[in-house]
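K.L.:
What follows is a structure written as structure tokens; I'll ask about it next.
In the numbering used here, the protein residues as written are 45 to 185.
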């Protein structure tokens with residue numbers, strides 16, 4: 045989405061939120077970012093203070109990494125816009141029909157995306173799209 049530089053990616057979130065709060069004209073990607081930030085009021089104060097740019101978030105600290113969380117929302121939305129992996133839109137629509145909450149459904153899909161990424165990191169391999177597809181299809185069964 046933003047490259048491999050963690051701080052550059054994080055700066056995009058700070059910048060988009062600042063531009064929104066200053067009523068500046070938003071670029072399309074900034075609008076996507078702001079829409080996601082608006083769904084997460086728990087991150088608003090964090091994004092209003094750039095001293096949080098270097099903050100570490102580890103499972104041992106018991107905190108969710110807000111930048112990873114919001115980036116995964118962006119990834120899911122991008123996947124939905126391209127229907128990749130194939131069948132994702134169908135699964136999403138089915139889940140949305142039963143749960144009636146797009147944000148909740150994105151979180152469900154994010155669990156599968158996170159599992160795929162974790163397995164790839166653990167095994168030092170490329171992400172396995174077949175595992176991801178299998179996981180998301182189980183959500184509707």
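For glycine and all other residues, C-beta sits at the position ideal for the given N, C-alpha and C.
Between residue 58 and residue 94, which are expected to be in contact by the criterion C-beta below 8 Å, what is the C-beta distance as a whole number of angstroms?
P.N.:
Confirmed, Cβ separation roughly 5 Å.
K.L.:
Could you spell out where the alpha helix (DSSP H) holding residue 136 opens and where it closes?
P.N.:
Note, residue 136: alpha helix (DSSP H), 132-143.
K.L.:
Counting beta carbon pairs with one atom in the segment 164-180 and one in the segment 142-150, are three or more of them shorter than 8 Å?
P.N.:
No, the segment 142-150 is not in contact with the segment 164-180.
K.L.:
Please report the straight-line C-alpha distance between residue 76 and residue 185, rounded to a whole angstrom.
P.N.:
Each residue's alpha carbon lies about 30 Å from the other.
K.L.:
Counting along the chain, where does the alpha helix (DSSP H) carrying residue 182 start and finish?
P.N.:
First-last of the alpha helix (DSSP H) with residue 182: 173-182.
K.L.:
Which whole-angstrom value is the C-beta distance of residue 64 and residue 70, which I expect to be below 8 Å?
P.N.:
Contact flag correct, Cβ pair sits at about 6 Å.
K.L.:
Would you kindly work out how many angstroms separate the C-alpha atoms of residue 109 and residue 101, rounded to a whole number?
P.N.:
About 5 Å.
K.L.:
Indicate the three-state DSSP secondary structure (helix, strand or coil) for residue 199 in the structure shown.
P.N.:
Outside the shown range of the chain (45 to 185) lies residue 199, about which nothing can therefore be said.
K.L.:
Note down, in chain order, each residue of its chain lying with its Cβ closer than 8 Å to the Cβ of residue 146, except the 5 sequence neighbours on either side.
P.N.:
Cβ neighbours of residue 146 beyond the five flanking positions: 140.
K.L.:
When the Cα atoms are used, what is the spatial distance from residue 56 to residue 113?
P.N.:
Rounded to the nearest angstrom, the two C-alpha atoms are 14 Å apart.
K.L.:
Put residue 84 into one of helix, strand or coil per three-state DSSP.
P.N.:
Residue 84 falls in the coil class under three-state DSSP.
K.L.:
Out of curiosity, what's the CA-to-CA distance linking residue 167 and residue 175?
P.N.:
Each residue's Cα considered, the two are about 13 Å apart.
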